[in-house]
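Have a look at this one:
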């Protein structure tokens, strides 16, 4: 039964993707909005349809949505599954996603991502990381949010992995608020390296923005861990467990001063390294 349900869902997803291509081409042709916002918004909206053709998912969204969809944020979320992408796409605004360059090589999907001006990153190429910063800054300047999954990969056991600092360095450098998200349940919805969809209750929470005004690069580690800890605590609350059971890298937050207290030795040393890790 699970295999049949998965075949049904994948058939619907393939049809949606094929429908996206001509739709996106037409929209992009006439899109004069800053940052190709309308094109990206159509892409996310159609991508979210993938969650609606799946009969075995129940999705709940909590939290308060930003009032202005054109207010730019650096959006960050933990990463459990490829199913995260269509679930997050249900949010009613466009974001330029920073994603692995390999995804842009997938037929049709890569074309759609390029049309919507998502941002490829090759973590082994320093020039690629520099290009990410330039394009992300351009998107923010055009009042379009930028989406990061700072773990850099999907979690194998649905615990929250270490967060890389690239998104938070960008937020501090540009003075852009960080908008944290937390997601849970998608590892059961679509396991890593699996193709069969499972019955799942998926939760998506939108936190209040975290302002970065007045912060310096020395505050980046504390900012990162403030956001990460909120995510851990939210997931733990959903599961009814201790936050320690959700945290796959408790050592990352050790010895960090509270946010706003710049100059702590651990944070300052890490910030001075200057490496953008996304």
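In my numbering, the protein residues as written are 423 to 700.
Quick reminder that beta carbons are idealized off the backbone N, C-alpha and C, glycines included.
Values in this document were obtained by computation on a predicted structure and should not be read as measured data.
Query, Result
"Look up residue 669 in the DSSP assignment and give the residues it is bridged to.", "582"
"What residue ranges within the segment 530 to 614 form continuous beta strand (DSSP E) runs of no fewer than 3 residues, ordered along the chain?", "541 to 543, 567 to 570 and 600 to 606"
"Return the bridge partner residues of residue 626 from the DSSP annotation.", "483 and 605"
"DSSP three-state label for residue 475, please.", "coil"
"Suppose you measure from the CA of residue 449 to the CA of residue 441; what does that come to, to the nearest Å?", "13 Å"
"Quick one: what's got a C-beta closer than 6 Å to residue 648's C-beta in the same chain, skipping five residues either side?", "681"
"In terms of alpha-carbon separation, which member of 480, 566 and 567 lies closest to residue 505?", "480"
"Run the CB neighbour count on residue 630, radius 10 Å, all protein chains shown included, and call it buried at 16 or more, exposed below.", "exposed"
"Could you give the distance in angstroms between the alpha-carbon of residue 580 and the alpha-carbon of residue 502?", "6 Å"
"How would you label residue 524, buried or exposed, when you count the other beta carbons within 10 angstroms and need 16 or more for buried?", "exposed"
"Using the Cα positions of residue 493 and residue 549, report the straight-line distance between them to the nearest angstrom.", "28 Å"
"Taking three-plus beta-carbon pairs below 8 Å as touching, is the segment 426 to 440 in contact with the segment 464 to 472?", "yes"
"Please go through the same chain and pick out, in chain order, the residues whose beta-carbon is closer than 6 Å to the beta-carbon of residue 431, but skip the five residues on each side of it.", "475, 476 and 619"
"In the DSSP assignment, the beta strand (DSSP E) including residue 497 goes from what residue to what residue?", "496 to 499"
"Have a look at 608, 546, 563 and 603 and flag the residue whose alpha-carbon is nearest the alpha-carbon of residue 578.", "608"
"How is residue 425 classed by DSSP in three states: helix, strand or coil?", "helix"
"Along the chain, where does the alpha helix (DSSP H) that runs through residue 659 open and close?", "642 to 661"
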